[in-house]
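Notes follow the structure.
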Amino acid sequence: MSLSEAVTFIKNSLITVILISGPALIASLVIGIIISLFQALTQIHEATLAFVPKILVVFLVLILLGGWMLNTLLDFSRDIFIRMGNILP
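Once you know that position 49 of the sequence shown is 1025 in my numbering, the rest is easy, because the numbers rise by one and skip nothing.
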């Protein structure tokens, strides 16, 4: 395995991690900001008020995008196993 192949492998790994985790993290961030603004405006500082909507939104994102996430991981895994077959003697 050459250095360029290793760098490509690491780059593809990081891109896959960002693609898989990005939608849930962005949805949680947006809901967190909205809930924080609501809490600041109404002066209600309840921890569960911020926690429960985030969990619900993350579960919704996972339900809606779960198939795409699975296909992305399968494509990445397939690519890795193909490359392993080419690297090993």
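All residues carry an ideal CB built from backbone N, CA and C; glycine is no exception.
Just how far apart, CA to CA, sit G1042 and A1003?
As a working mapping, residue 1042 is identified with position 66 in the sequence shown. As a working mapping, residue 1003 is identified with position 27 in the sequence shown. Their Cα atoms are separated by approximately 14 Å.
Would L1036 pass as a contact of M1045 if the rule is Cβ separation under 9 Å?
The count along the sequence shown starts at 1 and reaches residue 1036 at position 60. The count along the sequence shown starts at 1 and reaches residue 1045 at position 69. No, the pair does not count as a contact, with Cβ atoms beyond the cut-off.
Over the uninterrupted alpha helix (DSSP H) stretch that includes E1022, give me the two end residues.
On the sequence shown, position 46 is the one that residue 1022 refers to. Where E1022 is concerned, there is no enclosing alpha helix (DSSP H), given that its DSSP letter is neither H nor E.
State the Cα-Cα distance for the pair T1048 and F1057, rounded to the nearest angstrom.
Locating residue 1048 in the sequence shown gives position 72, counting from the first residue. Locating residue 1057 in the sequence shown gives position 81, counting from the first residue. Roughly 14 Å separates the two Cα atoms.
CA-CA distance, Q1019 and L1005?
Locating residue 1019 in the sequence shown gives position 43, counting from the first residue. Locating residue 1005 in the sequence shown gives position 29, counting from the first residue. Going by the C-alpha atoms only, they are around 20 Å apart.
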